[in-house]
Amino acid sequence: MNVLITGGAGYIGSVTVELLRQRGERIVVLDNLSNGHREAVNIDLPFYTGNVGNANLIKQIVIDHGIEACVHFAAYAYVGESVTDPAKYFENNLTQTITLLNALRESGVDQFVFSSSCATYGEPIRIPIDETHPQWPVNPYGWSKFMIERVLEAYQTAYDLRSVSLRYFNAAGATTVHGEYHDPETHLIPNVLRAANGELEYVSVFGNDYPTPDGTCIRDYIHVSDLADAHVRSLDHLAGGGMSTEINLGNGSGFSVLDVINTARSITGNQIRSTIEDRRGGDPPQLIADSKRAYEVLGWKPGFPELEVIIRSAWDWKLAHPAGYRE
Ligand code: UFG
Numbered sequence: 002m003n004v005l006i007t008g009g010a011g012y013i014g015s016v017t018v019e020l021l022r023q024r025g026e027r028i029v030v031l032d033n034l035s036n037g038h039r040e041a042v043n044i045d046l047p048f049y050t051g052n053v054g055n056a057n058l059i060k061q062i063v064i065d066h067g068i069e070a071c072v073h074f075a076a077y078a079y080v081g082e083s084v085t086d087p088a089k090y091f092e093n094n095l096t097q098t099i100t101l102l103n104a105l106r107e108s109g110v111d112q113f114v115f116s117s118s119c120a121t122y123g124e125p126i127r128i129p130i131d132e133t134h135p136q137w138p139v140n141p142y143g144w145s146k147f148m149i150e151r152v153l154e155a156y157q158t159a160y161d162l163r164s165v166s167l168r169y170f171n172a173a174g175a176t177t178v179h180g181e182y183h184d185p186e187t188h189l190i191p192n193v194l195r196a197a198n199g200e201l202e203y204v205s206v207f208g209n210d211y212p213t214p215d216g217t218c219i220r221d222y223i224h225v226s227d228l229a230d231a232h233v234r235s236l237d238h239l240a241g242g243g244m245s246t247e248i249n250l251g252n253g254s255g256f257s258v259l260d261v262i263n264t265a266r267s268i269t270g271n272q273i274r275s276t277i278e279d280r281r282g283g284d285p286p287q288l289i290a291d292s293k294r295a296y297e298v299l300g301w302k303p304g305f306p307e308l309e310v311i312i313r314s315a316w317d318w319k320l321a322h323p324a325g326y327r328e
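Going from the sequence shown to our numbering is simple: count from 1 and add 1.
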């Protein structure tokens with residue numbers, strides 16, 4: 002299959018590229034390198050530096066490489082920044098994505114896998130969260146993903162463009178070659194590991210007065226290789242004539258911020274200092290996925306559900322790449 006991967010130089014994109022390449026698929030990567038890393042994509046793969054909102058470029062790539070499907074990762078993904086600079090998020094994640102979709106459908110590409118998010122649910126009213134849970138995002142990032150899901154529904158009805166929207170819970174972990182490297186880094190596990198190797202003096206715990214057993218927020222951490230596997234299965238689903246759908250990707254078990262820190266302490270053998278700070282705005286106390294639909298539709302089951310395995314993989318990658326992709 003000839004597949005265009007936007008954002009293939011990013012965290013989840015690069016791991017999905019790695020997996021598709023292992024399967025022998027023909028891949029083309031498009032990334033504007035605003036957050037991605039050129040070093041995260043094999044030099045032997047066709048790579049374009051550019052925006053998904055460049056319709057002429059998209060159409061040219063489709064013609065030159067016989068593109069049949071697109072996996073769309075490219076997006077801004079800092080929740081806090083989306084609150085202070087919503088224009089940036091709506092312009093990129095929404096407007097440019099619509100341009101991408103139009104360029105694809107005008108070029109005859111009718112299979113699309115979309116990086117959506119559990120952020121489309123907003124504050125959950127029940128746990129675990131299945132795909133029928135009401136969606137009411139609480140930040141512009143979540144709204145940008147929510148709105149593309151609605152665009153995709155309309156495009157299936159009107160233009161037969163079929164899609165799978167994958168609603169990730171908390172992506173974490175690494176393969177031996179690709180891992181998580183953001184600047185700035187806001188995510189919990191990378192920051193805990195930065196505190197473990199001395200890059201940070203301590204890790205901040207944002208709030209310990211939530212209605213959870215230890216007072217800290219609970220999340221469903223999902224191994225990035227399992228996320229990548231779900232993208233490959235989604236492509237197979239669409240290639241086999243499958244209809245559009247939205248699918249949660251999580252392990253179905255939740256871990257608190259303190260669980261993560263304690264697990265990282267035992268894996269790294271480091272003390273990892275932590276300090277309790279104020280709550281971070283917009284953090285729901287608990288997010289846990291019901292991923293039954295992923296199994297029913299894609300036959301997907303997480304291969305690495307254990308928190309220890311997830312954190313160990315991230316730590317191993319960090320030890321092997323102390324400067325991330327900068328070295
Ligand atoms: N946290 C800390 N200290 C840190 C970083 C995070 O205590 O240094 C806490 C957060 O407050 C939160 C939990 O750890 O309670 C997880 O935070 P992350 O930033 O790692 O992940 P989020 O759950 O905030 O974000 C993830 C995805 C987003 C997505 C969001 C949906 O990264 O893209 O889930 O809620 F939008």
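Backbone N, C-alpha and C fix where the C-beta goes; we use that ideal spot for every residue, glycine too. Keep in mind that this is a model prediction, so the values were computed, not measured.
Minimum C-alpha distance to residue i - residue among the options
i	options	result
residue 216	280, 249, 289, 14	280
residue 43	229, 9, 176	9
residue 122	252, 144, 195	144
residue 304	251, 262, 168, 112	251
residue 223	273, 177, 137, 291	291
residue 161	113, 7, 200, 269	113
residue 24	7, 48, 119, 233	233
residue 231	168, 29, 272, 109	168
residue 294	317, 271, 245, 35	245
residue 129	29, 46, 249, 62	249
residue 242	74, 209, 187, 163	163
residue 72	38, 28, 47	28
residue 306	269, 256, 278	256
residue 177	319, 135, 2	319
residue 83	54, 39, 127, 120	120
residue 359	109, 264, 238	A query on residue 359 cannot be resolved here, the shown segment of the chain reaching from 2 to 328 and no further.
residue 62	109, 225, 137	109
Where residue i sits in the DSSP three-state scheme
i	result
residue 128	coil
residue 272	coil
residue 218	coil
residue 250	strand
residue 322	coil
residue 143	helix
residue 7	strand
residue 35	coil
residue 224	strand
residue 73	strand
residue 316	helix
residue 167	strand
residue 305	coil
residue 22	helix
residue 106	helix
residue 177	coil
Cβ pair residue i, residue j closer than 8 Å
i	j	result
residue 247	residue 107	no
residue 170	residue 221	yes
residue 149	residue 98	yes
residue 102	residue 139	no
residue 78	residue 179	no
residue 59	residue 105	yes
residue 166	residue 115	yes
residue 206	residue 158	no
residue 324	residue 175	no
residue 56	residue 85	no
residue 189	residue 258	yes
residue 87	residue 141	yes
residue 89	residue 117	no
Between the CA atoms of residue j and residue i - distance to the nearest angstrom
i	j	result
residue 313	residue 64	42 Å
residue 4	residue 300	21 Å
residue 321	residue 254	29 Å
residue 81	residue 14	22 Å
residue 182	residue 197	16 Å
residue 204	residue 193	6 Å
residue 331	residue 68	Outside the shown range of the chain, which is 2 to 328, sits residue 331, and nothing can be said about it.
residue 52	residue 266	40 Å
residue 191	residue 261	11 Å
residue 1	residue 213	This structure does not reach residue 1, given that the chain is present from 2 up to 328, and the question cannot be answered.
residue 199	residue 311	20 Å
residue 317	residue 327	17 Å
residue 35	residue 156	28 Å
residue 269	residue 154	45 Å
residue 195	residue 271	11 Å
Whole-angstrom C-beta distance between residue j and residue i, which should lie under 8 Å
i	j	result
residue 172	residue 12	7 Å
residue 70	residue 93	Rounded, the Cβ-Cβ distance is 22 Å, inconsistent with contact.
residue 50	residue 32	7 Å
residue 288	residue 125	7 Å
residue 111	residue 218	At roughly 39 Å, the Cβ-Cβ gap does not stay under 8 Å, so residue 111 and residue 218 are not in contact.
Short CB-CB distance (under 8 Å) between residue i and chain C
i	result
residue 281	You won't find chain C in this structure, because it holds only one protein chain.
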